[in-house]
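Below is one structure, written out as structure tokens; the observations come after it.
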Amino acid sequence: TQFEEKLDNINSWLKQKESQVKDQSLRSTQEAKQQHLDKLKSLEEEIVKKSDEISSLQSEVAEAGPELIDKVSKTSSRYQALKNQTKEAVSRYDQFVKEHAAFNNSNADFQNWLTQTQTEVIQHSEIVGDLAVLQERQKKLRELSDTRSKESAVFEALVEKGEKLYAHTSPDGREIIRQQLRTLRTLWDGFSEELQSGTHRLDQCLLQFAEFTLAQEQLTKWLKGVEKAMQQHTELKGTLQEKRAQLQNHKIMHQEITSHQQLVESVCDKAQQLVDQTQDKSLNIYLQSIKQLFQNIVSKSQDLLDSLEENVERHAKFSAGCDNMRDWVASERDRLEECDDGTGEKADIKQRLESVKTLRGNEAEGGKKMAELQTLFTVLSKTTTKKGIVLLEKELNKLKESQKQHDAQLDAVQNRLEGVLAQWTEFETQLDTHTKWFRATEVAFRDQQLAASLEQKEQQLNSFREKRKLIADKETEIDMFVDKSNALLHASGADKIKTLISQINNRYQLLHVLSKEVINRWQGLLEDHRVYRDKLEETEAWLQPLETQLGALRSSPGADCLPRLQTLVSETEQAPHRLTTLTTAGERLYPDTAAAGRETIRQQLREIRDRCDTLGEGVKEQLKIQDAKATQWSSYQETLQASLAWLDAMEKSLDQDSLAALTAPQEIRAKLIKYRTTLQEVLLHKRVLEMLKEKAAALDSGAGGELDTVKSISDRYEQLLDKLLTTISQLEDSLDVFQQFTELAKTHQDYQKQLWDRLSSFTDYSGNKSTIEARLSKVLEIQDGLPEGSARIQQLEQHIATKTGKIPARAKEVMERELNNLKFDFGKLSTAVSDVRQGLEGRLSQWAEYEGSMDRLLSWLSESEMALKNYTTLNTLEEKQEQLNKYQSMLVNLRQHEAELDKTTDDSSELVLMSGEAKISVNVQQITSRFQSIQTTAKEIVKKCEQAVSDHEVYLSKYKECSNWLTNAHARYQSCCDASASATQHELTDRSARLNTLVGERPTATLLLHATVELGEKCYATTAVEGRETIRS
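Structure follows, in structure tokens:
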């Protein structure tokens, strides 16, 4: 009816609006929340307008049935519930919008205040050259520091407001709020650091102004006093002792000047720091003048010191050079006197002459030393008094005269020794020449080389005769040498010359006798060798015709071979007598013939003997051959005919069988057994053919006819055997191919069925991490085993490909069809395994990413908390600076890990929805709280460390300045306390003035000491016990 249709429309409308009201998704920004609030308000107005239609529906249903009344009642209840829910949603979102707007406004106002205040801090932190302006700016910065302390509570309240918005803001909105809070913290920290650093810079600048004024007065007074005291060390001196005393006095003054380098640098550094900070260029003029004045004083002092040192060094070098030259001339004279002696052996004369030449070579050294002394004298004349120059010139003239006398004596001694050495050289040259001739001639006669042939022996005899003639011609030359040697003996007195003369005479007489004996011996050897040669030629002439007859008998046997054999037998009976005579004559030559000649004689005798033996054996062999040829021919013919008949039968039988009709393994196996039996029979017949070949070789007369016949039979046998073996091999290969393919296919089918059964139990993706990991490990095991299946398929393919030529075409088609079916089934299995693995790995990667992030954050938080707990005061400035760097790095690391913490929070929310693990939210909340606590503590510790480092640096700078002043003052005081009796009145007056200067600087030093103590006591609060004790000491 129309009423029911109207009721259905209202129910549909209620259902639609209920879904709109229930849409409580969080919004990211204030504008998005305001839009949602406006949407809810419009929805509320629409619902309120619908109340009249609901009321009319209730009035109309009064006349209807109970069923419709119940439906209208339910609809009215739903409407009221919808109306209340809408009202609550509007109220709640109105509050959300107000809170978000309040936070945005407060944040903008606070950031504007921070920006303005930071601008004021930067303005007041600038350093200028006006002391009054610096003091006024210091006061302003202290007032801003008090204001910062008051506004810190406002900053903390604002951060708390932003964090409260997280509960009704979407993840994107929460990230925006976090970024706003992070920006606010950065601005606040930058403002705090800028305020602290500006205050510190102003304090340091004011302190440096006071220190610079004090140091300036001290330095100016000292520079003017030192410049006047440098005029006393420029006078010339006459002796080395006076120059050394003058140098020592100026060294003391130069040390005093250089010891004030630190004071000058300190004043200049302080002035430069003030210039850099205040940009006041008026101090640059004073800075340059102080540096230039001090550098001029140092340069003048250094130049004077270098000049004095160089003068002393040259004078000392001249004195040492004179002493050295005097000693050198005396040493050379002593060595020359030792060489002035012409008696003794040649080696003694030669050694003395070498010594003289060595002394001659030292003349250049003496001239060089004298030139150096002359140069030094010229230079010293410019820096020495006239009296000192006269003494130096006198010493130099004495040395020149001594050197000239030594050079003249050296020339006379060298000429005497060279004359004596020339006589010895002539004697030794002739002695060596005669000795070599004696040795060579004696060796030629005593070391007689045995000759190998008759011609060589004749040549050797002629050679000995010529050498004997040369010996007789040498007698006149030997007599002249003996006369000269006797003259040298009387002149030198050397006893060995007499012995050498006697040896020369004796060796010449012995050589005459030896040459005569050698010539007689070689004449007898030559006659014996001629007798042996005649016997050898006679025997060869007898043996040659007999060998020719035997060769003719072997090459052309005929009917008259037997008479010729009888003639050869009678001649060979004379061979032993002829061999005996020839051997006796040859053996007589062995002792006096060379090894090559003896071997030649033995070879000639051996050849004659072998030729006789060969002749006798050849005659006997020809007699045996005639008897054996008749009995071999009949046996060979019988064996040849039987072999040809068997070979024809076997070839015919093998040609009739064909393998093309074989299709089944059973037929192949039967045919294989038959051919193996035939193979055994063929192999047994091989021995018969070998025997036939041996008989043909024995009967062959040289034309080759019988051997060719047997070779053709052997070739036919080998062809038969090869064909039979090839057929058997083909049958065996075909049978193996069928059996191997069947076994491989059955094994692969069983393997695939087993994998499908295992995979079906791992397709469930539900459960916790351990369950998913267990399923994934099983699936990976299955996937790791898939290459085995691929290898099996590839093995089947290779089997068919490699065995194609060994099986029929139909059998190959069946095998390929079955292989394609196996490939298709295996591909389906591989795809299913990959799908299951990807699903499990996707679930597991979500767990691994969450746990990895949690572990990294927990580990980092623990390390950070431990580092903060270990904070303590330290002893030295280096330790404090290292500690400050450590905690500043930690603060930077905190900011880097904040983004990772936010990402982990969002990821954990998704993981809770997927797994239902409630403890994940608790863990994330705990980590967030710990992170905020660490961040606050780290900032406080960094501020403490910065203050500690700053105080310690100021103290050490002041302490170094005070210590340097004390060290310098102590050195100046010690230089004034030398109470030696040799001090002049001027030196005492100078020391008194320097002591008065030290006394005048005492008030300034007291102020410097008090400032150092005050800064050291300020460091006690931020220094450990051992460091405080170090500062106190």
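Heads up: the sequence shown is residues 1 to 1033, going by full-length UniProt numbering. Just so you know, even glycine gets a beta-carbon here, dropped at the ideal spot from N, CA and C.
Anticipated Cβ contact below 8 Å, residue i with residue j, distance rounded
i             : j              : result
valine 356    : leucine 417    : 6 Å
threonine 384 : leucine 236    : 7 Å
histidine 776 : arginine 837   : Per the sequence presented here, residue 776 reads as leucine, with histidine not at that position. Indeed, because the Cβ distance is near 7 Å, the residues count as touching under 8 Å.
glutamate 227 : isoleucine 285 : Going by Cβ atoms, the distance from glutamate 227 to isoleucine 285 rounds to 20 Å, so no, they are not a contact pair.
leucine 550   : valine 619     : 7 Å
valine 942    : leucine 891    : 6 Å
valine 267    : leucine 219    : 5 Å
leucine 884   : leucine 956    : Actually they do not touch by this definition, with Cβ atoms about 15 Å apart.
glutamate 86  : leucine 40     : It is worth fixing the name first, because residue 86 is threonine in this sequence and not glutamate. The pair is a contact, with the Cβ atoms about 7 Å apart (cut-off 8 Å).
leucine 7     : leucine 57     : 7 Å
glutamate 961 : leucine 1008   : 7 Å
leucine 605   : threonine 580  : Wrong, their Cβ atoms sit about 11 Å apart, outside the cutoff.
histidine 260 : leucine 304    : No, histidine 260 and leucine 304 are not in contact; Cβ-Cβ is about 17 Å, not under 8 Å.
leucine 829   : leucine 744    : With a Cβ gap of about 18 Å, leucine 829 and leucine 744 do not count as contacting.
leucine 141   : glycine 198    : 6 Å
leucine 376   : arginine 314   : 6 Å
glutamine 409 : leucine 336    : 6 Å
Exposure label - residue i; buried when at least 16 CB within 10 Å
i                 : result
residue 1087      : Residue 1087 is absent from the structure shown; the chain starts at 1 and stops at 1033.
lysine 382        : exposed
residue 1034      : The shown model of the chain, from 1 to 1033, leaves out residue 1034, and the question about it has no answer.
residue 1040      : Residue 1040 lies beyond the stretch modelled for the chain, which goes from 1 to 1033, so this question has no answer here.
serine 643        : buried
phenylalanine 824 : exposed
asparagine 311    : buried
isoleucine 349    : buried
lysine 880        : buried
glutamine 30      : buried
aspartate 951     : buried
alanine 330       : exposed
threonine 441     : buried
glycine 1027      : buried
serine 712        : exposed
arginine 352      : buried
glutamate 354     : exposed
alanine 559       : Note that alanine 559 scores 48 on pLDDT, short of 50, meaning its location in the model is unreliable; the coordinates nonetheless yield the value given after this. Exposed, because fewer than 16 other Cβ atoms sit within 10 Å of the Cβ of alanine 559.
serine 555        : exposed
Coarse secondary structure for residue i, derived from DSSP in three states
i              : result
leucine 589    : coil
lysine 22      : coil
leucine 874    : strand
threonine 385  : coil
lysine 652     : helix
cysteine 322   : helix
lysine 769     : helix
threonine 1012 : helix
residue 1076   : Lying outside 1 to 1033, the shown extent of the chain, residue 1076 is not represented and no answer is given.
threonine 905  : helix
threonine 169  : strand
threonine 1023 : strand
alanine 559    : Any reading at alanine 559 needs caution, since the residue's pLDDT is 48, under 50, leaving its predicted position unreliable; the model's value is listed next. It is coil, neither helix nor strand.
Counting beta carbon pairs with one atom in the region 780-799 and one in the region 853-861, are three or more of them shorter than 8 Å? no
Counting Cβ pairs closer than 8 Å, one from the region 166-180 and one from the region 25-43, do we hit at least three? Touching, yes.
List, from N- to C-terminal side, the alpha helix (DSSP H) runs of 4 residues or more that fit wholly inside the region 465-552. 475-492
Evaluate the contact criterion for the region 990-997 versus the region 959-978: three or more CB pairs, one atom per stretch, below 8 Å. yes
Could you check whether the region 448-467 touches the region 508-523, counting it as contact only if at least three pairs of C-beta atoms, one from each stretch, sit closer than 8 Å? yes
Three or more C-beta pairs under 8 Å: does that hold for the region 445-462 against the region 396-407? Fewer than three pairs of CB atoms, one per stretch, sit closer than 8 Å, so the region 445-462 makes no contact with the region 396-407.
Which residue spans inside the region 693-768 form an unbroken alpha helix (DSSP H) run of at least 4? 705-759
Are the region 203-221 and the region 143-163 touching by the rule of at least three beta carbon pairs closer than 8 Å? no
Taking 8 Å as the threshold, find out whether the region 930-941 comes into contact with the region 994-1005 through three or more Cβ pairs. no
Pairing CB atoms from the region 105-118 with CB atoms from the region 144-154, are three or more of them under 8 Å? With contact defined as three or more Cβ pairs closer than 8 Å, the region 105-118 and the region 144-154 are in contact.
Does the region 708-727 come close enough to the region 690-699 to have 3 or more Cβ pairs within less than 8 Å? yes
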